[in-house]
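Trainee: Attaching a single structure in structure tokens format; questions to follow.
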Amino acid sequence: MRRLLLGLFHATEAWTIPDAEVERIGREFPDLRIVRAGSREELAAAAPEAEILFSWAPGEDLIARAGRLRWLHAAAAGVGAYLTPTVKARGIVLTSSRGAHGIPIAEHTIGMLLALARRLPAAIQEQTTGGLNRERWYVGAGRPHELHGLTLGLFGYGAIGREIARRAVAFGMKVIALRRHPERAGRWEPELLDALGLPHEEPRVDAVLGPGDLGRLLAESDAVVIAAALTPETEGAFDARAFAQMKRGAYLINVARGKIVRERDLADAVRSGALGGAALDVFETEPLPRESELYTLDNVILTPHISGYSAGFWPRAAAVFRENLRRDLAGLPLVNRVDLARGY
152 MRRLLLGLFH ATEAWTIPDA EVERIGREFP DLRIVRAGSR EELAAAAPEA EILFSWAPGE
212 DLIARAGRLR WLHAAAAGVG AYLTPTVKAR GIVLTSSRGA HGIPIAEHTI GMLLALARRL
272 PAAIQEQTTG GLNRERWYVG AGRPHELHGL TLGLFGYGAI GREIARRAVA FGMKVIALRR
332 HPERAGRWEP ELLDALGLPH EEPRVDAVLG PGDLGRLLAE SDAVVIAAAL TPETEGAFDA
392 RAFAQMKRGA YLINVARGKI VRERDLADAV RSGALGGAAL DVFETEPLPR ESELYTLDNV
452 ILTPHISGYS AGFWPRAAAV FRENLRRDLA GLPLVNRVDL ARGY
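Under this note's numbering, the residue at position 106 of the sequence shown is numbered 257, and the numbers go up by one with no gaps.
The following block contains the structure:
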């Protein structure tokens with residue numbers, strides 16, 4: 152009997168796997184011996200016997216204790232915290248929940264973009280002070296914009312970028328995307344898309360570029376959305392030099408990883424008017440320090456790393472895991488397998 156250990160507890164209840172999802176795994180895979188840990192102590196105690204671990208980032212100490220572990224499934228899409236020395240040294244199979252966050256992050260992104268383009272933060276600020284001023288909306292940088300006809304640039308075109316593109320196209324935007332391997336765009340296992348409840352058809356993207364075309368993406372885009380993994384190549388990619396290549400008045404949105412953006416350079420670009428505004432759900436340091444200049448800028452929207460959450464997260468994340476359990480039992484390749492060397 153295979154031993155499955157669940158380390159899906161969290162201080163925030165929303166990120167703790169619901170009982171119904173655990174029960175469904177048990178019903179569909181009755182030959183699994185399932186241990187559900189509810190604390191770090193319980194997780195550590197059960198680790199030595201676990202063959203499969205579905206968990207939030209367990210840490211190097213726990214992985215080192217799990218001598219029988221052969222497959223680790225990350226509850227997250229980003230797997231940097233799962234790539235411990237022992238995982239790499241032992242070649243433990245690592246898969247992720249990539250795609251489970253796609254819908255809420257895409258909707259959050261479009262919401263941020265609409266808020267920037269339609270100047271909603273300024274309206275809310277006027278509302279709170281009790282002085283709506285219609286005339287200021289008709290002049291200068293205060294004018295609202297349509298999304299229709301604008302160009303959206305996606306820095307990263309995986310599961311999240313795909314869903315952002317789908318929604319941007321629905322607004323009449325032109326979409327160009329950049330990814331490390333553009334030739335792999337659109338290669339999705341049908342079973343994974345079914346598990347996630349996502350359409351099989353690809354959104355209409357005007358161009359999928361490679362890493363060497365970042366300058367083109369920046370120069371042509373009215374808004375740039377960062378939806379890429381954090382790697383040595385992407386860390387700090389959006390700095391003063393990158394912002395100088397963007398259209399004057401363009402928007403920047405980051406729903407990926409905070410360390411991809413140099414926040415001091417971003418604040419300078421927004422304050423100077425080089426960028427028309429920015430929206431960030433992730434930060435170089437989390438939570439964002441109180442002394443950050445970003446808090447003081449009117450045309451910056453900040454949310455506390457919550458774009459990936461919705462009530463639909465756990466059903467989708469658990470469905471991806473169940474699909475991989477079926478594949479594991481059948482000896483088939485797993486979906487969302489992580490390249491341990493590349494880190495995604």
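For every residue, glycine included, the Cβ atom is placed at its ideal position computed from N, Cα and C.
Residues in its own chain within less than 8 Å of Lys410 by CB, not counting five upstream and five downstream?
Mentor: Leu381, Glu386, Gly387, Glu435
Trainee: Rounded to the nearest angstrom, what separates Glu474 and Gly463 at their Cα positions?
Mentor: 17 Å
Trainee: Is there a Cβ of chain B sitting closer than 9 Å to that of Gly312, yes or no?
Mentor: No chain B is part of this structure, which consists of one protein chain only.
Trainee: Within 10 angstroms of the Cβ of Ser190, are there 16 or more other Cβ atoms? Answer buried if so, exposed if not.
Mentor: An exposed status is given to Ser190, since fewer than 16 other beta-carbon atoms sit within 10 Å of its beta-carbon.
Trainee: Take the Cβ of Ser423 as the centre, count every other Cβ of all protein chains shown within 10 Å, and call the residue buried at 16 or more, exposed below.
Mentor: exposed
Trainee: How many angstroms separate the CA atom of Asp364 from the CA atom of Arg488?
Mentor: 27 Å
Trainee: Quick check: Arg184 and Leu155, are their CB atoms within less than 9 Å of each other?
Mentor: yes
Trainee: Please identify the residue among Trp222, Glu192, Val238, Ala226 whose C-alpha is closest to the C-alpha of Glu211.
Mentor: Val238
Trainee: Which of helix, strand or coil does DSSP assign to Ala380?
Mentor: If DSSP states are grouped into helix, strand and coil, Ala380 belongs with coil.
Trainee: Does the region 322-337 come close enough to the region 354-371 to have 3 or more Cβ pairs within less than 8 Å?
Mentor: yes
Trainee: Rounded to whole angstroms, what's the CA-CA distance from Pro438 to Gly482? Just pull it up for me.
Mentor: If you draw a straight line from the Cα of Pro438 to the Cα of Gly482, it comes to about 42 Å.
Trainee: Pick from Leu476, Leu204, Ala227, Ala215: whose alpha carbon is nearest that of Ile311?
Mentor: Ala227
Trainee: For Ala162, count the other beta carbons within 10 Å of its own beta carbon; 16 or more makes it buried, fewer makes it exposed. Which is it?
Mentor: exposed
Trainee: Just curious, the beta strand (DSSP E) that Val359 is in, first and last residue?
Mentor: 358-360
Trainee: Buried or exposed: where does Pro209 fall if 16 or more other Cβ atoms within 10 Å of its Cβ makes it buried?
Mentor: buried
Trainee: Touch check for the region 396-407 and the region 369-381: three-plus C-beta pairs under 8 Å?
Mentor: yes
Trainee: Check whether the Cβ atoms of Asp373 and Leu301 sit closer than 9 Å, and answer yes or no.
Mentor: yes
Trainee: Which same chain residues end up closer than 7 Å to His252 when comparing Cβ atoms and leaving out the 5 residues on each side of it in sequence?
Mentor: For His252, where only same-chain residues beyond five positions count, the Cβ hits under 7 Å are Ala228, Ile311, Gly459, Phe464.
Trainee: Could you tell me the boundaries of the beta strand (DSSP E) in which Arg187 lies?
Mentor: 184-187
Trainee: Going by Cα to Cα distance, which pick from Arg477, Leu445, Pro466 is closest to Ala165?
Mentor: Pro466
Trainee: Where does Asn475 sit, in a helix, a strand or coil, going by DSSP?
Mentor: Of the three classes helix, strand and coil, the one that applies to Asn475 here is helix, per DSSP.
Trainee: Using CA coordinates, which residue listed in Lys398, Ala268, Glu384 is at the minimum distance from Ala98?
Mentor: For the chain, the structure presents residues 152 to 495; residue 98 sits outside this window and is missing.
Trainee: Between the region 243-260 and the region 306-322, do at least 3 Cβ pairs fall closer than 8 Å?
Mentor: Taking a cut-off of 8 Å for Cβ pairs, the region 243-260 and the region 306-322 touch, as three or more such pairs fall below it.
Trainee: The alpha helix (DSSP H) spanning Arg415 covers which residue range?
Mentor: 414-423
Trainee: How is the alpha helix (DSSP H) around Ile254 delimited, first residue to last?
Mentor: 253-268
Trainee: Between Gly282 and Ala469, what straight-line distance do the alpha-carbon atoms span, to the nearest angstrom?
Mentor: 48 Å
Trainee: Under the three-state reduction of DSSP, which class applies to Ile457: helix, strand or coil?
Mentor: coil
Trainee: Taking C-alpha atoms, which residue in Gly427, Val433, Ala401 lies nearest to Glu414?
Mentor: Val433
Trainee: On a Cα-Cα basis, can you pick out the residue from Ala346, Trp207, Gly309 that is closest to Arg477?
Mentor: Ala346
Trainee: Excluding sequence positions up to five away, which residues of its chain have a Cβ less than 6 Å from the Cβ of Leu303?
Mentor: Ala319, Met324, Val326, Ala374
Trainee: Once you ignore the five residues that flank His160 on each side, which residues in its own chain have a CB closer than 7 Å to its CB?
Mentor: Note that residue 160 is Phe in the sequence shown here, rather than His. Excluding positions up to five away in sequence, the list reads Thr167, Ala188, Gly189, Ser190.
Trainee: Sort out for me which residues DSSP pairs Lys325 with in a bridge.
Mentor: Thr302
Trainee: Do the CB positions of Ala198 and Ala217 come within less than 9 Å of each other?
Mentor: yes
Trainee: Return the CA-CA distance between Pro255 and Ala196, expressed in angstroms with no decimal places.
Mentor: 35 Å
Trainee: Give the list of continuous alpha helix (DSSP H) stretches no shorter than 4 residues that lie fully inside the region 308-353.
Mentor: 310-321, 341-347
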